[in-house]
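Enquirer: Residue numbers (numbering that gives the first Met the number 0): 0 to 470.
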Amino acid sequence: MKKIATLLAFACLSLSASAGDKPNIILILADDLGYGEIGCFGQKMIQTPNLDRMAEQGIRLTQHYSGSTVCAPSRCSLLTGFDTGHSKIRGNGTHSLGPEDITFAKLLQDAGYSTAVIGKWDSGEVGSPGEPQKQGFDYSYGYMHQIDAHNFYPSHLWRNGEKEMLNNKVKTSHIGYAKGKGTYAIERNDYSHDLFVEDALNWISNQKDNPFMLYLAVTIPHANNEYWLTDGEHGMEVPDLGPYGDEDWPEVQKAHAAMVTRLDDGIGQIVAKLEELGIDENTLIIFTSDNGPHEEGGNQKEFFDTNGPLQGMKRDLYEGGIRVPFVAYWPGTIEAGQSSEHQSAFWDYLPTFCDVAGLEIPEETNGISFLPTLLGQKQKSHDYLYWEFMEREGAQALRWGDWKAVRNLVNGYGFGAEIEIYDLSTDIGEERNLAYDRPDLVAQAKKMMKEARVPSPLFQFKSEHFDPENK
Ligand SMILES: [Ca+2]
Ligand SMILES: [Ca+2]
């Protein structure tokens with residue numbers, strides 16, 4: 000790691016001349032938005048003109064991966080720079096970052112940045128060591144727990160650890176996996192996404208003295224299953240159907256499309272605000288998603304082909320669950336109209352943001368800064384990318400070069416479960432398992448999967464307690 004840090008420190012020196020001193024950073028994270036869900040990644044039916052323009056004037060990374068295939072572990076990887084073989088939070092639930100965790104927000108705050116998280120936090124509740132104020136954020140506004148974030152018309156949100164009531168009336172759902180906790184509205188006035196965009200615009204306008212970092216973790220296009228399962232026709236909650244009201248589509252799909260277009264519109268407002276303030280050329284904006292598309296709330300992923308050419312969706316470790324769209328926009332610094340196949344993942348954000356701010360990158364990280372790729376410079380590659388996921392049957396996955404390995408059924412069969420091998424250069428849809436023809440690759444993947452993880456005190460595969468291969 001030391002060598003990487005030195006190389007990157009050198010890259011920083013050459014960067015500082017071109018990128019200015021401590022540029023602002025805005026990271027916009029969508030929730031359950033698939034690889035094929037926005038125009039610049041092949042979507043034909045849902046309109047995303049602002050993101051498409053940002054891609055035309057910026058760069059797309061076409062082999063960018065989320066930290067995990069569900070919310071909480073993905074966000075932990077994002078904030079702390081570790082893959083799910085090393086991260087603290089490897090699954091959903093009520094888990095919290097701790098005082099020992101280093102987030103990119105802590106590093107940027109120490110370096111003089113103003114820092115904010117607006118939207119869905121999902122990394123520790125109010126009063127826990129994981130709350131935003133204890134993890135490097137000066138300012139926070141939004142949902143603290145992921146289950147609360149299912150409801151787009153919640154009874155309240157949290158501002159800097161204080162509960163703030165909204166003008167909605169809610170009921171608790173008594174069915175579904177979030178029963179007893181998840182809510183849905185019976186009177187709807189305040190749409191949380193609109194509040195987040197408004198709050199982001201205000202917060203940005205007030206940043207006059209310091210460089211700033213805004214982590215805008217929106218909840219579009221996640222579903223509200225609680226609403227769908229109780230009162231609602233579907234769970235894709237949105238105030239109006241935007242340009243899709245007259246389409247001959249199922250209501251749920253009209254609403255889904257309207258959510259994504261509304262998100263795109265908010266992003267357009269943020270870009271316009273930066274231009275109005277005259278800071279657009281000193282601000283890096285990155286847009287991505289926390290995991291693959293869903294089929295929740297009555298939504299069908301095939302209707303809009305939200306996973307594009309990929310296999311699977313949310314909760315899979317096939318590409319559809321973890322490969323996500325990525326657009327970076329930084330006028331005057333990122334050259335227009337680029338696309339890169341550099342293989343990057345959520346654990347790269349911490350080093351990347353250090354790199355952008357000219358800070359030393361911590362030695363303890365699985366990440367590699369992808370700033371050189373954004374700037375058209377020579378980029379260091381990962382030896383491999385690794386994921387593990389304990390829910391359902393339990394799975395592990397590896398990406399190295401053109402190869403992809405997936406090991407399903409780990410909860411039942413342990414680390415001896417069969418490994419599938421795909422050549423993504425000719426089979427991006429992971430349809431032809433090459434494991435029987437390439438035992439050499441299976442053996443290689445097996446070895447790497449073993450070295451790519453350390454056991455977690457909080458998250459174990461069901462097999463971990465008895466599997467001899469784990470010793
Ligand atoms: Ca998600
Ligand atoms: Ca597809």
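Cβ atoms here follow ideal geometry from the backbone N, Cα and C, with glycine treated the same way.
All of these numbers come straight from a predicted model, not from anything done at the bench.
Cutting at 6 Å between CB atoms, please list the residues of its own chain near G181, excluding the five before and the five after it.
Expert: Cβ neighbours of G181 beyond the five flanking positions: I146, H149, S172, E225.
Enquirer: Does V453 come out as helix, strand or coil in the three-state DSSP assignment?
Expert: Looking at V453 - three-state DSSP - the assignment turns out to be coil, as it is neither helix nor strand.
Enquirer: Can you tell me whether DSSP reads A471 as helix, strand or coil?
Expert: Residue 471 is absent from the structure shown; the chain starts at 0 and stops at 470.
Enquirer: On the CB-based measure, 16 or more other CB atoms within 10 Å of its CB, does T471 come out buried or exposed?
Expert: Missing from the structure shown is residue 471; the chain here goes from 0 to 470 and no further.
Enquirer: May I have the straight-line CA-CA distance separating L106 from A434, to the nearest angstrom?
Expert: Taking the straight line joining both Cα atoms gives about 43 Å.
Enquirer: Could you round the C-beta distance between L77 and F345 to whole angstroms and report it? I think they count as a contact, below 8 Å.
Expert: Sure, about 4 Å apart at Cβ, within 8 Å.
Enquirer: Restricting to Cα atoms, I'd like to know which of D354, Q376, L213 is closest to I491.
Expert: The first residue shown for the chain is 0 and the last is 470, placing residue 491 beyond what the model contains.
Enquirer: What does T116 pair with, by DSSP beta-bridge criteria?
Expert: For clarity, residue 116 is Val in the given sequence; the question names Thr instead. Bridge partners of V116: S139, Y214.
Enquirer: Taking L213 as the reference, which of A335, G135, N49, R437 has the closest Cα?
Expert: Ranking the options by Cα distance to L213, first place goes to G135.
Enquirer: Rounded to whole angstroms, what is the Cα-Cα separation between P48 and G38?
Expert: About 7 Å.
Enquirer: Using alpha carbons as the reference points, say which of F211, F286, K168 lies closest to D51.
Expert: Taking only the C-alpha atoms, the option nearest D51 is F286.
Enquirer: Between V169 and I185, how many whole angstroms is the CB-CB distance? I'm expecting something under 8 Å.
Expert: Between I185 and V169 the Cβ distance is about 7 Å, and since that is below 8 Å, they are a contact.
Enquirer: Taking a contact to mean a Cβ-Cβ separation below 8 Å, would you say Y385 touches A444 in this structure?
Expert: It is not a contact, given that the beta carbons lie outside the stated cut-off.
Enquirer: Please determine whether the Cβ atom of A304 lies at a distance below 7 Å from any heavy atom of ligand 1.
Expert: In the sequence under discussion, the amino acid at residue 304 is Asp, which differs from the Ala named in the question. No, since every heavy atom of ligand 1 falls outside the 7 Å radius drawn around the Cβ of D304.
Enquirer: Got a sec? Which residues, its chain only, sit under 8 Å from S15 by beta carbon, not counting five neighbours each side?
Expert: Its pLDDT being 39, under 50, S15 is placed unreliably in this model, and the value from its coordinates should be taken loosely. So the qualifying residues of the chain are G357.
Enquirer: For R74, which residues of its own chain have a beta-carbon under 6 Å away from its beta-carbon, when the five flanking residues on both sides are left out?
Expert: The residues are D121, S122.
Enquirer: Please check the pair L228 and G179, which I expect to be a contact at CB under 8 Å, by giving their CB distance rounded to whole angstroms.
Expert: Not quite, the Cβ-Cβ distance comes to about 13 Å (not below 8 Å), so this is no contact.
Enquirer: Short check: CB of G393 to CB of K461, under 8 Å?
Expert: Cβ distance < 8 Å, so G393 and K461 count as in contact.
Enquirer: Just to confirm my understanding: we take A416, look at its own chain, exclude 5 residues before and 5 after, and list those with CB closer than 7 Å. What are they?
Expert: Contacts found: R406, N407, L408, V409.
Enquirer: Among the residues of its own chain, which have a CB less than 6 Å from the CB of L96, if the five just before and after it don't count?
Expert: So the list reads S122, G123, G129, Q134, once near-sequence residues are dropped.
Enquirer: Relative to the alpha-carbon of D82, which residue among S343, I418, G297 has its alpha-carbon at the smallest distance?
Expert: The shortest Cα separation from D82 among S343, I418, G297 belongs to S343.
Enquirer: What do you reckon, are the CB atoms on S139 and A110 nearer than 8 Å?
Expert: The answer is no: Cβ separation not under 8 Å.
Enquirer: Quick one: what's got a C-beta closer than 6 Å to E280's C-beta in the same chain, skipping five residues either side?
Expert: The residues are P330, G331.
Enquirer: I'd like the list of long-range same chain contacts for L423, defined as Cβ closer than 8 Å, with 5 residues on each side in sequence excluded.
Expert: Counting only Cβ-Cβ distances below 8 Å, and skipping sequence neighbours, we find E318, R398, D401, W402, K403, E429.
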